[in-house]
Each structure stands twice: as structure tokens, then as C-alpha cells.
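Its first residue numbered 8, the sequence shown is counted upward by one per residue in our numbering.
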Amino acid sequence: EGKLPPGAPRRYFSALNAYSTDLVKVRLQAEGKLPPGAPRRYSGALNAYSTILRLEGVGDLWTGIGPNIARNAIINAAELASYDQVKQTLLKIPGFKDNVVTHLFAGLGAGFFVVCIGLPVDVVKSRMLGNSSAYKNTIDCFIKTLKNDGPLAFYKGFIPNFGRLGSWNVIMFLTFGQVKKVVKSIELK
């Protein structure tokens, strides 16, 4: 209850503004996986932007924005709700206090839940960005991925994602907790 992020609309607007950069990044990453000697569509980031604009149009810079917004909503909600839940659960265990160690474990727990919940959406988003012409829409991409690659395809890259999001959550929530303590101490004076 009350665990959804109040800044979510700002985050979605930010995602909309920065989205074309994500599209270019994913397409350049996909090109990096091509075998040596295979023709490349882009020579770099600026060339990718101009090629997409020229060949696909302005609107295609936002191809797959739906899955990206869904991903952000799911990850933001899961991050905050799971952090609070893990922290509350830890505080019920004898020996745990509201300190750095508890925040560290709660941040890791939040990172784990975020990856479990958000990675399938992230995989669909990346597949749509990498080759949007292969799919009619988000649901089609999800079904084709499940049918062709199986359910574990949605968790490809789990360990690196957990490393990234687990460490991000630890740093973010540790910092947030410490800043909160400082602000409370200032308010009490």
C-alpha cells in the first residue's frame, strides 16, 4: 500500500525524451554481434540517427516505446515496493536494525526482485528495438520469443542484470537512507 513511486510520471516523460538514444544503443549493440565481414547498417551513433530518420522516418525513433514505458513502470514499482518489503522483513529478524547492513541486504533483495520481474519485459523491449520489423507488436514479440526460444529466453543475461541493478539499488537506497538521517537530524535542531 502506498509503495508506487510518486515521481513515476516524470520518469515516463524522461523515458520518452531519451528513448531514441536507447533505440540507437540497442541497434548498435546488435550490429556488434554480427560476424566479421557482415555488412553494417551504421558506422556510429550519429550515422544511426541519420539513417533511421532518412530510411524509417521520425516516428521510428520511438519504435517500441510501449514496452519501454511498461518496463520502466514495472521496474520502478518493483524496486520501491520490494525494497520496503525486504527491509520490513529483515527488521523482524532478531539482530537486524535499521542500519547500513539492513539497507545493503534490502537493496540486493530489491535488485533481485526487479530483475525477476522486469527482465522479461526488458528482453521483449530489446528484441523489438533490435529488429522491430520481425514483430507486429509487443504481444507478438512475447509469443514468438516464448515459442521459438522457450521461457528461459526471458531471463537471458540474468546475472549481469542482477549485478547492475543489485548494485544500483544498494547504492541508491544506502544513499537515500543516509541522506534521510542527515535531513532528520537537521530538522530536529
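For glycine and all other residues, C-beta sits at the position ideal for the given N, C-alpha and C.
Tell me the DSSP secondary structure of residue i in three-state form.
i	result
V190	helix
R47	coil
L35	helix
D67	helix
F180	helix
I100	coil
K40	coil
K196	coil
A25	helix
Excluding five sequence neighbours on each side, which residues of the same chain lie with their C-beta closer than 7 angstroms to the C-beta of residue i?
i	result
P127	F161
I124	I81, A85
D67	I59
D129	R78
Between residue i and the rest of its own chain, which residues show a CB-CB distance below 6 angstroms, the 5 nearest in sequence each way excluded?
i	result
C148	V131, R134, M135, Y142
Mind reading off the beta-carbon distance from residue i to residue j? Whole number of angstroms is fine, and I expect it under 8 angstroms.
i	j	result
V177	L111	6 angstroms
Y49	R61	Between R61 and Y49 the Cβ distance is about 12 angstroms, and since that is not below 8 angstroms, they are no contact.
F169	F119	6 angstroms
Excluding the 5 residues preceding and the 5 following residue i in the sequence, name in chain order all residues of the same chain whose CB lies nearer than 8 angstroms to its CB.
i	result
G114	Y90, G173, N176, V177, I178, M179, F180, L181
E8	A caution first: E8 carries a pLDDT of 45, below 50, which makes its placement in the model too unreliable to give a value.
L41	R47
T28	none
T152	V130, V131, R134, A160, F161
Taking only runs of the alpha helix (DSSP H) that begin and end inside the region 103–173, which ones reach a length of at least 4 residues, in chain order?
107–137, 145–156
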